[in-house]
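Quick note: the sequence shown uses the UniProt record's numbering, first residue 1, plus one each step.
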Amino acid sequence: MKRYRWIVSCAVLTLLVLSGCRKDTARYEPPVNPSFTFPGHIAASFPKPKEEGAKALPNLDFHIDNRVMRIWNKVPLPYQSHYDSLDLDMKVTSEAVVRILNEETKKVAVYNPRKKINRIDATGGKFRISIEIKGKPTLTYNMRIMTYGYNPDKFTWVKESTQLPIAAEEAKTFTLGDTQYWLARTSDGGGKLYSYTNTTFTEVADEALPVMLLPTTLIVDSKGLVWVLDKAGALYKSRDLKSWTKHPVGSVVLTQLVGETNKLDNQLVFTAIGREADTYASYEVTASGIEKKGNVPSGFPVTEAFVYTYNYSGATSTTLFGGKTAKGDAAPKSFFLSGSDKWGVTPYQTADQPLPMSGGLYLRTGNDSEIFVIGGTYPKTGDSNSIKRSVDRGITWKALPEQELPNGAFLARHHASGYATGSGNQLQVYIFGGIINGKPSQEIWHGLLDTTGGIINNWE
Numbered sequence: 001m002k003r004y005r006w007i008v009s010c011a012v013l014t015l016l017v018l019s020g021c022r023k024d025t026a027r028y029e030p031p032v033n034p035s036f037t038f039p040g041h042i043a044a045s046f047p048k049p050k051e052e053g054a055k056a057l058p059n060l061d062f063h064i065d066n067r068v069m070r071i072w073n074k075v076p077l078p079y080q081s082h083y084d085s086l087d088l089d090m091k092v093t094s095e096a097v098v099r100i101l102n103e104e105t106k107k108v109a110v111y112n113p114r115k116k117i118n119r120i121d122a123t124g125g126k127f128r129i130s131i132e133i134k135g136k137p138t139l140t141y142n143m144r145i146m147t148y149g150y151n152p153d154k155f156t157w158v159k160e161s162t163q164l165p166i167a168a169e170e171a172k173t174f175t176l177g178d179t180q181y182w183l184a185r186t187s188d189g190g191g192k193l194y195s196y197t198n199t200t201f202t203e204v205a206d207e208a209l210p211v212m213l214l215p216t217t218l219i220v221d222s223k224g225l226v227w228v229l230d231k232a233g234a235l236y237k238s239r240d241l242k243s244w245t246k247h248p249v250g251s252v253v254l255t256q257l258v259g260e261t262n263k264l265d266n267q268l269v270f271t272a273i274g275r276e277a278d279t280y281a282s283y284e285v286t287a288s289g290i291e292k293k294g295n296v297p298s299g300f301p302v303t304e305a306f307v308y309t310y311n312y313s314g315a316t317s318t319t320l321f322g323g324k325t326a327k328g329d330a331a332p333k334s335f336f337l338s339g340s341d342k343w344g345v346t347p348y349q350t351a352d353q354p355l356p357m358s359g360g361l362y363l364r365t366g367n368d369s370e371i372f373v374i375g376g377t378y379p380k381t382g383d384s385n386s387i388k389r390s391v392d393r394g395i396t397w398k399a400l401p402e403q404e405l406p407n408g409a410f411l412a413r414h415h416a417s418g419y420a421t422g423s424g425n426q427l428q429v430y431i432f433g434g435i436i437n438g439k440p441s442q443e444i445w446h447g448l449l450d451t452t453g454g455i456i457n458n459w460e
């Protein structure tokens, strides 16, 4: 029986070898991306510039709308971008014949899904793509490479005719219910609260604000309770902004409110940073007091950090940007908290690219991933007139070109307040006061984008 099995195995092996040697037997290659009848994904990159020192254009990722048969880049190319070719990467079945017509030069390129790089003529940035598959209707898409026709980093600044009601040493805007408020502290330690619409302010009557409040520490929780610290590290809370209650913290001096964060079980807890003796730690604010959760790591910003929270997969994630360490130095790193009582160090902020150690005005826009930081005090250069923008939740920051006001340069300032509305070409920024040349200002500046140039190759 064993001898019989051995003979059969040898015969089968011999047939396989002989069949592989036949000249008319081709090697089988499975289709590349056989499931993509429609384009599954499209990306592009640009050749490296030949000119020395020239800046490379960013890679592109594309929207694909199979209803109206349109393809366009998700983020427009920077203002005044120039290009004449690009390398296209398209996920489509290898059974398809893909032709790309450049609408300006009329050149036609045949896309090969088996090639790593398909370089095409990109002059003008408008294309017509046809996808032909045997036995199926031909698909035709219009494709555009969109480019900013205006500078999205340069604002036109207008000085409002109205001024702030008082000159504030420190202030913050916040929203409670449907009303926007401006909480300010004057140089004598007194506090004032105003509601506002655009740049019209109305003083809130009958409020009994505690003295020496730190407006920049104010946080509104998900239940509508307002929390704020004073200069001595005491914690106050209010539900109606008129009556304020001191929350017991024992011998702990609180220095930073973080707000609501998620535990591993997704339960929300209110977190604060404080010190007892010379040791800084995280504390959970409970109904009757505070509970220590653990010491903060070295280099942690114990005060004046910007608290950035966002929802990720149903949980609240928190990152602290900028601020001062326990030694009073600029925090060299950003720290995050997500589903844990322990702080982690983000890998992307470095000491040579700092954020303000104090007094920076951080503004969030209608784009949930976009943050601005205006002015502030930096560790080596002092008070700054810089404006930086992040479009990726603070992973990277880009310094905007130096801004100009109608009467001259944008002055360095710290502890300004304000707000932003809209996003994209509808973005508007309002800056309230700030400390300029050592004195609190009552000026209000309104920044908006000059979008006259629109988006080049837009569908409109």
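Positions of the beta carbon are idealized from the N, C-alpha and C atoms, including for glycine.
Cβ shell of residue i (< 8 Å), same chain only, five flanking positions each side left out
i      : result
Ala200 : It is Thr, not Ala, that sits at residue 200 in the sequence shown. Here the set comprises Thr162.
Gln267 : none
Pro78  : Leu57, Pro58, Thr147, Tyr148
Leu18  : The predicted model places Leu18 with a pLDDT of 41, which falls under 50 and marks its position as unreliable, so this point remains unresolved.
Lys154 : Leu400, Pro401, Gln403, Leu449, Asp450
One or two residues paired with residue i in a DSSP bridge
i           : result
Val345      : Phe335
Glu104      : In the DSSP output, where bridge partners are listed per residue, Glu104 has none listed.
Leu320      : Val307, Phe335
Asn295      : Ala281
Ala272      : Leu257, Tyr283
Glu203      : Tyr194
Trp182      : Thr173, Tyr194
residue 512 : Residue 512 cannot be examined here, being either before or after the span of the chain that is shown, 1 to 460.
Phe127      : Asn102, Met143
Glu132      : Val97
Arg364      : Ile371
Gln80       : For Gln80, which the question treats as bridged, DSSP gives no partner whatsoever.
Lys237      : Trp227, Thr245
Ile219      : Trp227
His446      : Val158, Tyr430
Cβ neighbours of residue i in the same chain (closer than 7 Å, five flanking residues each side left out)
i      : result
Tyr310 : Ser317, Asp368, Arg393
Gly294 : Ala281, Ser282, Asp341, Lys342
Ala208 : Lys242, Ser243, Trp244
Phe149 : According to the sequence as given, residue 149 is Gly; it is not Phe. Once the five neighbours on either side are set aside, the close Cβ partners of Gly149 are Gly453, Gly454, Ile455, Ile456.
Ile64  : Pro39, Ile42, Ile71
Gly189 : Val211, Met212
Leu193 : Tyr181, Leu183, Val204, Glu207, Leu209, Leu241
Beta-carbon contacts of residue i that lie in its chain and below 6 Å, excluding the five residues immediately before and after
i      : result
Leu213 : Arg185, Gly191, Val228, Asp230
His41  : Lys91
Leu405 : Trp157
Ser358 : Glu304, Thr377
Pro76  : Met146, Thr147, Tyr148, Ile455
Asp61  : Ala43, Lys74
Pro248 : Gly289
Length of the line joining the Cα atoms of residue i and residue j
i      : j      : result
Val92  : Thr147 : 26 Å
Glu284 : Tyr181 : 27 Å
Glu291 : Lys223 : 20 Å
Lys333 : Leu139 : 50 Å
Phe300 : Asp87  : 44 Å
Tyr419 : Asp121 : 44 Å
Ser130 : Ser85  : 19 Å
Arg395 : Pro137 : Note on identity: in this sequence residue 395 is Ile, with Arg being the wrong assignment. Rounded to the nearest angstrom, the two C-alpha atoms are 44 Å apart.
Ile166 : Trp445 : 15 Å
Pair within 8 Å by beta-carbon distance, residue i and residue j
i           : j      : result
Ile431      : Leu320 : no
Val373      : Leu355 : yes
Gly250      : Val307 : no
Ala331      : Gly375 : no
Ser238      : Val252 : no
Ala315      : Asn262 : yes
Arg119      : Ser94  : no
Phe335      : Gly328 : no
Gln256      : Val302 : yes
residue 463 : Ala232 : Coverage of the chain is limited to positions 1 through 460, which leaves residue 463 absent and any answer about it impossible.
Pick from the options that is closest to residue i, judged by C-alpha positions
i      : options                        : result
Gly135 : Ala109, Tyr196, Val97          : Val97
Gln353 : Lys398, Gly344, Ala315, Val391 : Lys398
Thr123 : Lys115, Pro215, Asn102         : Asn102
Thr173 : Pro440, Lys439, His415, Asn458 : His415
Thr421 : Ser390, Arg364, Leu86          : Arg364
Glu169 : Leu218, Lys439, Ala205         : Lys439
Ser423 : Leu449, Asn142, Gln256, Ser288 : Leu449
Ile133 : His82, Arg99, Thr346           : Arg99
Leu337 : Asp278, Pro215, Gln442, Pro297 : Pro297
Thr216 : Gly434, Ile444, Lys327         : Gly434
Glu460 : Arg144, Tyr83, Lys74, Thr325   : Arg144
Phe270 : Leu218, Glu276, Tyr348, Tyr312 : Leu218
Gly382 : Asp278, Ile436, Ile371, Thr350 : Ile436
Tyr83  : Met69, Val108, Glu51, Asn66    : Glu51
Ile371 : Gln428, Lys55, Phe46, Lys388   : Lys388
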